[in-house]
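Using the UniProt record's numbering, the letters of the sequence shown map in sequence onto residues 1 to 1229. To start, the structure under review is shown below, and the notes come after it.
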Amino acid sequence: MTSNRKNENEIINALSIPTVSNPSTQMNLSPDARIEDSLCVAEVNNIDPFVSASTVQTGINIAGRILGVLGVPFAGQLASFYSFLVGELWPSGRDPWEIFLEHVEQLIRQQVTENTRNTAIARLEGLGRGYRSYQQALETWLDNRNDARSRSIILERYVALELDITTAIPLFRIRNEEVPLLMVYAQAANLHLLLLRDASLFGSEWGMASSDVNQYYQEQIRYTEEYSNHCVQWYNTGLNNLRGTNAESWLRYNQFRRDLTLGVLDLVALFPSYDTRTYPINTSAQLTREIYTDPIGRTNAPSGFASTNWFNNNAPSFSAIEAAIFRPPHLLDFPEQLTIYSASSRWSSTQHMNYWVGHRLNFRPIGGTLNTSTQGLTNNTSINPVTLQFTSRDVYRTESNAGTNILFTTPVNGVPWARFNFINPQNIYERGATTYSQPYQGVGIQLFDSETELPPETTERPNYESYSHRLSHIGLIIGNTLRAPVYSWTHRSADRTNTIGPNRITQIPLVKALNLHSGVTVVGGPGFTGGDILRRTNTGTFGDIRLNINVPLSQRYRVRIRYASTTDLQFFTRINGTTVNIGNFSRTMNRGDNLEYRSFRTAGFSTPFNFLNAQSTFTLGAQSFSNQEVYIDRVEFVPAEVTFEAEYDLERAQKAVNALFTSTNPRRLKTDVTDYHIDQVSNMVACLSDEFCLDEKRELFEKVKYAKRLSDERNLLQDPNFTFISGQLSFASIDGQSNFPSINELSEHGWWGSANVTIQEGNDVFKENYVTLPGTFNECYPNYLYQKIGESELKAYTRYQLRGYIEDSQDLEIYLIRYNAKHETLDVPGTDSLWPLSVESPIGRCGEPNRCAPHFEWNPDLDCSCRDGERCAHHSHHFTLDIDVGCTDLHENLGVWVVFKIKTQEGYARLGNLEFIEEKPLIGEALSRVKRAEKKWRDKREKLQLETKRVYTEAKEAVDALFVDSQYDQLQADTNIGMIHAADKLVHRIREAYLSELPVIPGVNAEIFEELEGHIITAMSLYDARNVVKNGDFNNGLTCWNVKGHVDVQQSHHRSDLVIPEWEAEVSQAVRVCPGRGYILRVTAYKEGYGEGCVTIHEIENNTDELKFKNCEEEEVYPTDTGTCNDYTAHQGTAACNSRNAGYEDAYEVDTTASVNYKPTYEEETYTDVRRDNHCEYDRGYVNYPPVPAGYVTKELEYFPETDTVWIEIGETEGKFIVDSVELLLMEE
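What follows is the structure in structure tokens.
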């Protein structure tokens, strides 16, 4: 800094030096020596914690350079800036990061652990190497942007460095050590945000995909909030922890406030301006906060004279000093005149001091009225007051002597001399210094140089050019024998003219207004705004800003406002009293919330204007609200020709919204505009910038909402947003009454689906709910979703279209069914395929998907068109199927079935935005074709009706024969399981009970089928109720049976059979019975080899009977050859047994006439060739009960137990005995 000081000293050599009467006590006040010594005194002798000039210097330098490269700087500026940044943070000398850490540690008297320190410093060293490597690669690429190798290297190093610093940041916020690490954290966070900005500046040129550039941008926005909140939170925590009770604690408190404002909060205030989409050109920002240098009072007293230090000299309390020094929130102002009043402290002719005891300061806001403040004693004129002029002058440096005098034994602290170095920023040749000087001959003196605490931004230029702060106010600490002035300072970036310059965005904090209107208060800034802010709670204007227009008056501007509000409201602006803008702005926070980073929004007016005068007054106001809170940080003046990405987004959104409607009728939706496309357009509108085009955004939203309503109105599907899916009901109740919904009921209940079909909330692909269909392990049990479009919704001779959006699918079958089934199987690659829909992007703070990530543009020509019915893989995720409707019949209510089905294990689908809409009326060939198809269908339907009448009659007779009467609540005494299954098979000869495409959907004969099937289920239930043998069909293995020896249960012909392979084996079961009642023991079995198979029933004593089975005997029907059958055959003739007790083979061989060959009438390629019977249809209920294979014999006997327990034993004499079922049936009374 020597060269700078020499330049300045040339100016001040002729200035008077304070006179002292005793040369022996005179300080060496030669210009060079005085200035250099002041640094030594300040840095070495100030109380602990010391002022670290290097720490403050680095923070000021970095903030100052950043202010010059906000927005989108020139490439040369950026290269130079990075070179400077690397040099500042990783110089060849002592590590600044260690200095940052040590400085805060000493301020708060808390040290981090050795592990934390070593880890942080080592990681920062690695980051330094990475940044240096990146900076060098960037400079190389900037020199030749077309060089492919340079481009490849810079991209590689960028990605590596960004990842490295992302993972390093958490190391600088270790729990319980956040405050001492805060300055390190802030500088590292600043580096990260600047680096993320480079992706927006250069990413596309480096070869990044637009999705990658956008991802880095989203990270920049997210981390800006995160880093800002962290810095403000722990700054406040650290500051509050230092709040004490005495003067010494206030000194430490003030040093923390000043130094961490310079090293942390100033950076945080600039973070938002790194956003190149909001600030696409050079941007001027301003810091209006005030900071306070140390009081001008002795702090370097030698050992044994501590009481002569000002803070030990009966100084005021902490709170009294803070009240006297810290200014309440106020408009930014500039001092114009200082009058200093003096008093005398005299012990003797050789020890005396005249010193500063009070002052009057005149100051005014920019263009505002003059204000005056007084502090201390201002009515003593025995010593001539000294008046210093500061009008239009920046006081960039103060030099003040802190003197001490001893009065008796009491020290007196005061300031006998102060020099104010100034420059007129509008005329650099008007510079110099003005001095307050009083006689002094005391016991010691200490020089305070403001540049020790607020050094210039660079040592490369003179101080009067490179100063970082200007004097803004002066306070005074007052004690009985103490007067210590305290200087307050504002940053140089807050200019005194509010100049609107060319080719840049100008940010002007509203505290630079010339006045405050009624109802407005200035409140302290939240820490990330760079200064105080304005607040009002009702309608009115905030204030007027005097502007200096330094551009041609033809230049047009737009205004933006950074604000926070608890309500929706209107802002308006005026230029010289004329309203130029009025617009709606939205709420940003809830009432009672703390002001946080996310509370503020930058929004603006889209209508440009121009200034009419070089000196203009700008007024901002708010209206249309009351009893709410509105805060204003700043206004921004943006050249109208600056094109923002937000403008492109708005133009694109406007085109997209207008394209939803027909050109001839802007209130009519285009036919080819899908519901999915409307949702995507709504996302596009939602992603528009509130800051740039809030009014236009609201207008577009209304149009999109109207389009969505039109889409809903024309969609014939019920519940297209999937609010509910009805589960498939069982087909018959236990009492035989069908509870399956009728076709008419199905058409009134929206979606029906299998249990595994789920509704999902919207994601980054779907704005609304969508459904997922998983795979299945059995094609007979597919996962499905279906709905019927009722006949009343359809128009005659009209083509309809089913369409929607598939995120991804495999083996997804889609059907439209009326006269026949129109069918497609779709495989659609998902987001991980060659056709990604969106990039992976961070979710929002509430977990919501990021729908503002880039998507492929919608192209209505890329629809699905597998018209041949074959499986196809679609490059587009849109699908369409159409179907033609002929004559409509409300009584028949044929309607249209919409079916989605997955029947493979590998299958899956995610789909939504389904529509079934009217496409166009049928004419010409299409009309003739549907009439011809309709006639063929009706002819086939008539044949089906004749067949159904015959088959139904046969089936009903068989079912009725199972029961005693038409009440269907009691079986015939001789009804057996074979008869029930035989009747069931006849019931299943009824065709078109269900649709073959999905057997859960009822067909035209569903009602009569369910009627008879219900009776079958009742018959099975009644039959099971009267059989007292447990697990008699061995479907549950050997459960309930007692086993001796080796036996097995084997599956044969889809049935479970008991196999006894050895003569010594035996199977038995004890059965509870009713004494005195009659039972029928019925056994179906098969004997292999020699010997006999025996099934014996007995009680404890006697009353034994058995059924025997031989391999060589002919198949018999009842009566059996045993003696116990004689009574039975006496009452039931053989003919009767043959007719009522026929085996499965006989019953299932009933011959019927050939059925009608019912097949489709639509033979065009787009339809399936045949509506085949679905083999899975027989898996419903008992319909798939397999018949007993040939060779099995069924025998039975009557048994009348005398006790309540009987035993049934199964065995054989040799060979193998195979038993299919054992039944013990209670006879009807």
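Each residue gets a CB set at the ideal place from its N, CA and C atoms; glycine is no exception.
Should residue i go down as buried or exposed, given a rule of 16 or more other Cβ atoms within 10 Å for buried?
i, result
"Lys822", "buried"
"Leu946", "exposed"
"Arg175", "exposed"
"His1054", "exposed"
"Asn627", "exposed"
"Tyr648", "exposed"
"Leu702", "Strictly speaking, residue 702 in this sequence is Glu, with Leu absent from that position. Exposed, by the Cβ-count rule."
"Phe1217", "buried"
"Thr369", "exposed"
"Asp984", "buried"
"His878", "buried"
"Ser150", "buried"
"Phe777", "exposed"
"Phe408", "exposed"
Could you give the distance in angstroms between the alpha-carbon of residue i and the alpha-carbon of residue j?
i, j, result
"Ile545", "Phe618", "5 Å"
"Cys1094", "Leu1038", "18 Å"
"Ala209", "Arg197", "16 Å"
"Gly1215", "Leu1224", "26 Å"
"Leu962", "Thr1203", "31 Å"
"residue 1311", "Phe311", "Within the shown structure, residues of the chain are numbered from 1 to 1229, placing residue 1311 beyond reach of any answer."
"Ser437", "Asn384", "11 Å"
"Asn7", "Ile428", "Low local confidence applies: a pLDDT of 37 at Asn7 is under 50, so the model's placement there is unreliable, and no value is given."
"Glu1212", "Glu1011", "45 Å"
"Leu332", "His517", "15 Å"
"Asn146", "Ser152", "11 Å"
"residue 1233", "Gln1069", "With the chain covering only 1 through 1229, there is no way to say anything about residue 1233."
"residue 1243", "Ser342", "With the chain covering only 1 through 1229, there is no way to say anything about residue 1243."
"Leu534", "Thr541", "11 Å"
"Arg601", "Gly583", "15 Å"
What are the boundary residues of the alpha helix (DSSP H) that includes residue i?
i, result
"Val268", "Asp266 to Leu270"
"Leu944", "Gly924 to Asp960"
"Cys1094", "Segment Glu1092 to His1098 is the beta strand (DSSP E) holding Cys1094; no alpha helix (DSSP H) there."
"Glu226", "Ser210 to Asn241"
Taking C-beta to C-beta, are residue i and residue j nearer than 8 Å?
i, j, result
"Leu553", "Ser273", "no"
"Ala320", "Asn309", "no"
"Trp206", "Leu161", "no"
"Gln570", "Ser624", "yes"
"Lys1195", "Leu1107", "yes"
"Arg558", "Ile281", "no"
"Ile403", "Ile478", "Note on identity: in this sequence residue 403 is Gly, with Ile being the wrong assignment. Contact: no."
"Val899", "Ile883", "no"
"Pro1201", "Glu1101", "no"
"Tyr1023", "Leu944", "no"
Taking residue i as part of the beta strand (DSSP E), name the residues at either end of that continuous run.
i, result
"Ser152", "Run containing Ser152: none in the beta strand (DSSP E); it sits in the alpha helix (DSSP H), Ala148 to Ala168."
"Phe572", "Leu569 to Ile575"
"Asn627", "Gln615 to Pro639"
"Gln680", "First-last for Gln680: Asp675 to Ala686, but that is the alpha helix (DSSP H), not the beta strand (DSSP E)."
"Val964", "Where Val964 is concerned, there is no enclosing beta strand (DSSP E), given that its DSSP letter is neither H nor E."
"Glu915", "Tyr908 to Pro921"
"Trp1207", "Thr1205 to Glu1212"
"Ala983", "Counting along the chain, Ala983 falls outside any beta strand (DSSP E), though it belongs to the alpha helix (DSSP H) covering Ile977 to Val987."
"His1054", "Neither: His1054 is in no beta strand (DSSP E) and is coded neither H nor E."
"Gln507", "Ile505 to Pro509"
- [ ] Pick out the complete beta strand (DSSP E) segments inside the segment 307–351, 3 residues or longer, and give them in chain order.
- [x] 333–348
Open item on the list: Report the start-end ranges of each beta strand (DSSP E) in the segment 770–838 that is 3 residues or longer and not cut off at the edges.
Closed with: 770–773, 783–789, 798–817 and 821–828
- [ ] Please go through the segment 71–127 and give each complete alpha helix (DSSP H) segment of 4 or more residues, from N-terminal end onward.
- [x] 75–89 and 96–108
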